[in-house]
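Visitor: Residues in the sequence shown are numbered from 2 upward in steps of one, following this note's numbering.
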Amino acid sequence: MIGLLWATAAGRRGCERLAAALPEPTRRYDGPLGEAVPRAFAECDRLVLFLATGAAVRLLAPLLAGKDTDPGVVTVDEAHTFAVALLGGHAGGANSLAGAVADVLGCAPVVTTATDSSGTPALDTLPYPVEGAVAAVTRALLDGSPVHLREDAIWPLPALPVIAHRPGTRGDAAPPGPAATAGSGTTWTGGAERFAPATAAAARPHQGPGASGDGRSPGPTAGGTAAGGDGGRPQEDAEPLVWVTDTVKPRAARTVFVRPPSLVVGVGASRGAGAAEVLGLVRESLAGASLSVRSVSALATADAKRDEPGIVAAAERLGVPLVTFGAAALARVAVPNPSDAPLRALGTPSVAEAAALLAARGGELVVEKRKSAMATVAVARRPPRGRLAVVGLGPGARDLMTPRAERELRAASVVVGLDQYVRQIEDLLRPGTRVLASGLGAEEERARTAVAEARAGHAVALIGSGDAGVYAMASPALAEAADDIDVVGVPGVTAALAAAALLGAPLGHDHVSISLSDLHTPWPVIERRVRAAAESDLVVTFYNPRSRGRDWQLPKALSILAGHRAPDTPVGVVRAASRPGERTVLTTLAGLDPDTVDMVTVVTVGNTATRTVAGRMVTPRGYRWQHNLAEEAE
Ligand code: SAH
2 MIGLLWATAA GRRGCERLAA ALPEPTRRYD GPLGEAVPRA FAECDRLVLF LATGAAVRLL
62 APLLAGKDTD PGVVTVDEAH TFAVALLGGH AGGANSLAGA VADVLGCAPV VTTATDSSGT
122 PALDTLPYPV EGAVAAVTRA LLDGSPVHLR EDAIWPLPAL PVIAHRPGTR GDAAPPGPAA
182 TAGSGTTWTG GAERFAPATA AAARPHQGPG ASGDGRSPGP TAGGTAAGGD GGRPQEDAEP
242 LVWVTDTVKP RAARTVFVRP PSLVVGVGAS RGAGAAEVLG LVRESLAGAS LSVRSVSALA
302 TADAKRDEPG IVAAAERLGV PLVTFGAAAL ARVAVPNPSD APLRALGTPS VAEAAALLAA
362 RGGELVVEKR KSAMATVAVA RRPPRGRLAV VGLGPGARDL MTPRAERELR AASVVVGLDQ
422 YVRQIEDLLR PGTRVLASGL GAEEERARTA VAEARAGHAV ALIGSGDAGV YAMASPALAE
482 AADDIDVVGV PGVTAALAAA ALLGAPLGHD HVSISLSDLH TPWPVIERRV RAAAESDLVV
542 TFYNPRSRGR DWQLPKALSI LAGHRAPDTP VGVVRAASRP GERTVLTTLA GLDPDTVDMV
602 TVVTVGNTAT RTVAGRMVTP RGYRWQHNLA EEAE
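(1) Mapping the DSSP letters down to three states, classify ILE527 as helix, strand or coil.
(2) So, is ALA10 buried or exposed, given that buried needs 16 or more other C-beta atoms within 10 angstroms?
(3) Any contact between the stretch 266-284 and the stretch 308-318? By contact I mean 3 or more CB pairs, one from each, below 8 Å.
(4) For the beta strand (DSSP E) containing ALA297, name the first residue and the last one.
(5) Looking at ASN545 and the ligand SAH, is the gap between the Cβ and the nearest heavy atom below 6 Å?
(6) Tell me the rounded alpha-carbon separation between SER537 and THR613.
(7) Who are GLU365's beta bridge partners in DSSP?
(8) Within the same chain, show all residues whose beta-carbon is closer than 6 Å to that of ALA381, passing over the 5 residues directly before and after it, in chain order.
(9) Within the continuous beta strand (DSSP E) that includes ARG566, where are the two ends?
(10) Taking the beta strand (DSSP E) that TYR544 falls in, what are its first and last residues?
(11) Excluding the 5 residues preceding and the 5 following ALA53 in the sequence, name in chain order all residues of the same chain whose CB lies nearer than 7 Å to its CB.
(12) Whose CA, out of VAL283, ALA502, LEU150, ALA390, lies closest to the CA of VAL415?
(13) Going by C-alpha to C-alpha distance, which of PHE51, ALA578, THR611, PRO128 sits closest to CYS108?
(14) By a C-beta neighbour count over all protein chains shown, 10 Å radius and 16 as the cutoff for buried, is ARG59 buried or exposed?
(15) Let me check understanding here. Comparing Cα to Cα, which of ARG386, ALA460, GLU369 lies closest to ALA412?
(16) Sort THR403, THR620, SER298 by Cα distance to ASP247 and report the nearest one.
(17) What are the start and end residues of each continuous alpha helix (DSSP H) run of 4 or more residues lying completely inside the stretch 394-482, in chain order?
(18) Any heavy atom of the ligand SAH inside 6 Å of the beta-carbon of VAL491?
(19) Can you tell me whether GLY275 is helix, strand or coil according to DSSP?
(20) Quick one: does the C-beta of PRO396 sit closer than 6 Å to a heavy atom of the ligand SAH?
(21) Going straight from the alpha carbon of HIS510 to that of LEU498, what length do you get?
(22) Answer with buried or exposed for HIS81, where buried requires no fewer than 16 other C-beta atoms within 10 angstroms of its C-beta.
(23) Any idea what DSSP makes of ILE312, helix, strand or coil?
(24) Helix, strand or coil for LYS557? Go by DSSP, reduced to three states.
(25) Check this for me: beta carbons of ARG547 and LEU555, under 7 Å apart or not?
(26) Can the beta-carbon of VAL138 be found less than 7 Å from the beta-carbon of PRO251?
(27) Whose CA, out of GLY607, PRO39, ALA160, lies closest to the CA of LEU429?
(28) Going by C-alpha distance, which of ALA455, GLY490, ILE486, VAL606 is nearest GLU407?
(29) Does the stretch 498-508 come within contact of the stretch 452-466, defined as at least 3 CB pairs closer than 8 Å?
(30) Sort out for me which residues DSSP pairs TRP7 with in a bridge.
(31) What are the partner residues of LYS372, as DSSP defines its beta bridges?
(32) Classify THR27 as buried or exposed, calling it buried when 16 or more other Cβ atoms lie within 10 Å of its own Cβ.
(33) Indicate the three-state DSSP secondary structure (helix, strand or coil) for VAL245 in the structure shown.
(34) State yes or no: is the C-beta of GLY623 nearer than 6 Å to some heavy atom of the ligand HEM?
(35) Residues in its own chain within less than 8 Å of ILE3 by CB, not counting five upstream and five downstream?
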């Protein structure tokens, strides 16, 4: 709930606009601020105060309890010029609220949290729980001091800046490679480390999964202790350290622990077992093996126990989902401690161990079955799953890239793409992002590299212009990917749409895209599709229409369309849509000059109903559409 408070009429109007426009629920607090502010502070998780910052500080100061519990507070000045994230930038959500308020009111967001304003990822915004010396390590990251990263296993985390594993290499900007990683890592300083071999093939010997070239080689097994056993790596109390581990280690003054979602707890319980007993056994089992409860990603049990109140409540208290399996599936799992009781009651010799192993999908038991009076618990560790985001960057202009695409780029630790596209978005990447850029023609290699990096556990963004699934990287990558990684697609504005918006409304009725590149598709196949489009009167957008060595295909395709369409059929030629040098030409089938067409151009040919209206290309919605307005949804 977002609380809205004001002192003046202008403030009241601002609150009304926010209440109407913000997607989250809001509540307006009328009345004297001296009473309204404490009430809103107690009731809401975020506040917007239309009030000078000084007055806001005086009202809020006596209410402050701590940054984990205080609501985030944004103040807006009388003229609605600034939305200031005053309190609770990260934990309280004030930074993002300031952005949202600024969007609605058309004012400037003011964010002063160090990590946001410098582009450095705040440790408390990582996707997994973080504990330990967060402030000290954040300070070191901001100062650009060497901060070490140690990973018991590689989980798909965003890039972290200034990751050093070797002493004495600070400021060494050499790209990670076998020579640079003879120890257990390398030092990356400053912005996104650009590691751009001429081709992806050249990158592979350094970058394959399991190679140490990524500077993030897995450390010793999770059972390892904090001290020693790590070659040249310095003591973590001497140097700040970010340690990705599900194992509880001794606290150190300058160590942050990131808890990956690596553990699954299998639970069995007799009918009526209490939540306290189940939860107690879970905690005890984890503690006995020095495992962090914050790494528990799920509780697992038998289908028959899916409504058992003690188990359901334990999952709720831990804030994790409860997953269940049928007795037959559980019975098929080989477990170290089968027993007769569940076999008689449920038809499986194991619930806790079998459910933990099943939910861990190929993982291993790390705590064998432990029993209390009415419950059983076992813990399994699941293998990490890397994450591949296939991200469309849009046609070129930054404001035609989706916010989601931007978020995915910032969630990645590895970015794979064509060098010219990487350049386009380099400023968005988190410092420390590993960039694997390659030239034209290395598509399959890029796809393989991206999948291999994800398979190694990393958070990978594979980028492409327009939509990454349209004549681009998504299909070669997904043809390569198995079920062992998570894949997300982020759609982008494809060239045909960017061009259509410049031309008018050429795609108002059925349309098709055809690539005229016969490099990988035999020409007879392309020609058959052009003929089919011609015969079925589809609006056609040609991608890859013409290059220096490929110049007869476009005239040939146009002549096929001309067999079914009038010579004055409108044709739009759009070059470099939304990029520098953008050019839009509206011509006709008979009038098109192929010399205006190159490889950064799309050509859109109208159907028999397409018209030019006031210099714009318009394809009617349908011949009878005007009469059927009431029946058709727009
Ligand atoms: N994935 C891209 C298409 C890749 S195929 C997308 O969805 O847009 C490459 C072809 O796309 C180019 O030969 C050209 O025909 C077209 N193209 C890509 N970007 C373009 C732009 N900004 N303006 C015009 N055409 C573009």
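Yeah, the Cβ is synthetic: ideal placement off N, Cα and C, and Gly gets one too.
Values in this document were obtained by computation on a predicted structure and should not be read as measured data.
Guide: Straight from the coordinates:
(1) Numbered from 1 along the sequence shown, position 526 holds the residue referred to as residue 527. Note: ILE527 maps to helix in three-state DSSP.
(2) Here residue 10 refers to the residue found at position 9 of the sequence shown. By the neighbour-count rule (16 or more Cβ atoms within 10 Å), ALA10 is not buried but exposed.
(3) Yes, they touch.
(4) For the purposes of this step, residue 297 is taken as residue 296 along the sequence shown, with counting starting at 1. As written in the sequence, residue 297 is Val, which differs from the Ala given in the question. Per DSSP, VAL297 belongs to the beta strand (DSSP E) from 297-303.
(5) Stepping through the sequence shown from its first residue, residue 545 is reached at position 544. Checking every heavy atom of the ligand SAH against the Cβ of ASN545, one is found closer than 6 Å.
(6) Along the sequence shown, read from residue 1 onward, the residue named residue 537 stands at position 536. Along the sequence shown, read from residue 1 onward, the residue named residue 613 stands at position 612. So the alpha carbons of these two residues sit roughly 21 Å apart.
(7) The residue you call residue 365 lines up with position 364 of the sequence shown. ARG382, per the DSSP bridge assignment.
(8) In the sequence shown, the residue the question calls residue 381 occupies position 380. Here the set comprises VAL265, ALA357, LEU358, ALA361, GLY364, LEU366.
(9) Along the sequence shown, read from residue 1 onward, the residue named residue 566 stands at position 565. It is not in any beta strand (DSSP E) - ARG566 carries neither H nor E in the DSSP assignment.
(10) If you number the sequence shown from 1, residue 544 lands on position 543. For TYR544, the enclosing beta strand (DSSP E) stretches over residues 540-544.
(11) Looking up residue 53 in the sequence shown gives position 52. Taken in chain order, the residues that qualify are ASP78.
(12) For the purposes of this step, residue 415 is taken as the residue at position 414 of the sequence shown. The candidate whose alpha carbon is nearest that of VAL415 is ALA390.
(13) The residue labelled residue 108 in the question sits at position 107 within the sequence shown. Here the closest residue by C-alpha is PHE51.
(14) If you number the sequence shown from 1, residue 59 lands on position 58. Around the Cβ of ARG59, a 10 Å sphere holds fewer than 16 other Cβ atoms; the residue is exposed.
(15) Along the sequence shown, read from residue 1 onward, the residue named residue 412 stands at position 411. That would be ALA460, whose Cα lies nearest to the Cα of ALA412.
(16) Along the sequence shown, one-based indexing puts residue 247 at 246. Looking only at THR403, THR620, SER298, the smallest Cα-Cα distance to ASP247 is reached by SER298.
(17) Counting whole runs of 4 or more residues, the stretch 394-482 contains the alpha helix (DSSP H) stretches 404-412, 420-426, 444-456, 475-481.
(18) Walking along the sequence shown from the start, residue 491 turns up at place 490. Not under cutoff, so the answer is no.
(19) Residue 275 sits at position 274 when you count from the first residue of the sequence shown. In the three-state scheme derived from DSSP, where H, G and I count as helix and E and B as strand, GLY275 is classed as coil.
(20) In the sequence shown, counting from the first residue as 1, residue 396 sits at position 395. Flag set: Cβ of PRO396 near the ligand SAH.
(21) Numbered from its first residue, the sequence shown carries residue 510 at position 509. Numbered from its first residue, the sequence shown carries residue 498 at position 497. HIS510 and LEU498 have their C-alpha atoms spaced approximately 13 Å apart.
(22) Within the sequence shown, residue 81 is the residue found at index 80, counting from 1. Around the beta-carbon of HIS81, 16 or more other beta-carbon atoms lie within 10 Å, marking it buried.
(23) Stepping through the sequence shown from its first residue, residue 312 is reached at position 311. In the structure shown, ILE312 sits in a helix (DSSP, three-state: H, G or I).
(24) Within the sequence shown, residue 557 is the residue found at index 556, counting from 1. In this structure, LYS557 counts as helix in the three-state DSSP scheme.
(25) On the sequence shown, residue 547 is found 546 positions in, with the first residue counted as 1. On the sequence shown, residue 555 is found 554 positions in, with the first residue counted as 1. Yes, they are a contact pair.
(26) What you label residue 138 is simply residue 137 of the sequence shown in a count that begins at 1. What you label residue 251 is simply residue 250 of the sequence shown in a count that begins at 1. Cβ distance not < 7 Å, so VAL138 and PRO251 don't count as in contact.
(27) Numbered from 1 along the sequence shown, position 428 holds the residue referred to as residue 429. Nearest option by C-alpha distance: ALA160.
(28) The residue you call residue 407 lines up with position 406 of the sequence shown. The candidate whose alpha carbon is nearest that of GLU407 is GLY490.
(29) Contact between the stretch 498-508 and the stretch 452-466 is absent, because fewer than three Cβ pairs lie under 8 Å.
(30) The residue given as residue 7 occupies position 6 in the sequence shown. Answer is PHE51.
(31) The residue you call residue 372 lines up with position 371 of the sequence shown. Note: LYS372 sits in a beta bridge opposite THR377.
(32) As a first step, residue 27 must be located in the sequence shown, where it is residue number 26. Counting Cβ neighbours within 10 Å, THR27 comes out buried, since at least 16 surround it.
(33) Within the sequence shown, numbered from 1, the residue matching residue 245 stands at position 244. Here VAL245 sits in strand by DSSP.
(34) This structure does not include the ligand HEM; its bound ligands are the ligand SAH.
(35) If you number the sequence shown from 1, residue 3 lands on position 2. Taking ILE3 as the centre and dropping the five residues before and after it, the same chain places the C-beta of LEU19, LEU23, GLU25, PRO26, THR27, ARG28, CYS45, ASP46, ARG47, LEU48, VAL49, LEU98 closer than 8 Å to its C-beta, in chain order.
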